[in-house]
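Worksheet for the structure shown next.
Here you go:
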């Protein structure tokens, strides 16, 4: 298994099943003015994407990679035929996010300029850490 890009952590990994990656869980807390509910999260799942209750518990043949910025804010939703290609896709999304190459402002209907500025700073710091470790 490949380690996630700098700043990302594997939060949950079910063998052959779901995987959850989170970005900088060390700083997303109320004391840092970055609410835990805003923790950028990548879900890799083959659960149904139907919106009815319990649908996500039903496994499908399609794997989904979903980058959420908050519980109701999805920045990216991609589909794959296998778990392995979904994991590769998740790694790519995580890498692009950590490099500041994903526009996370567009999914918000109500702009949050102060939060975006703080997130920009976190991403810039993460990029610096990544460059120093290369």
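Residue numbers (our numbering): 28 to 161. Note that beta-carbon positions come from the ideal geometry of N, C-alpha and C, so glycine has one too.
Query                                                                                                                                                                      : Result
With a Cβ-Cβ cutoff of 7 Å, do residue 92 and residue 116 count as a contact?                                                                                              : yes
On a CA-only basis, which of 138, 95, 129, 111 is nearest residue 88? Give me that one, please.                                                                            : 111
Given a threshold of 16 other Cβ atoms within 10 Å of its Cβ, counted over all protein chains shown, does residue 143 qualify as buried or as exposed?                     : exposed
Going by C-alpha distance, which of 140, 136, 114, 150 is nearest residue 47?                                                                                              : 114
For residue 86, collect the residues of the same chain with a Cβ closer than 7 Å to its Cβ; drop the 5 residues on either side in sequence, then sort them by chain order. : 73, 74
Suppose you measure from the CA of residue 149 to the CA of residue 108; what does that come to, to the nearest Å?                                                         : 33 Å
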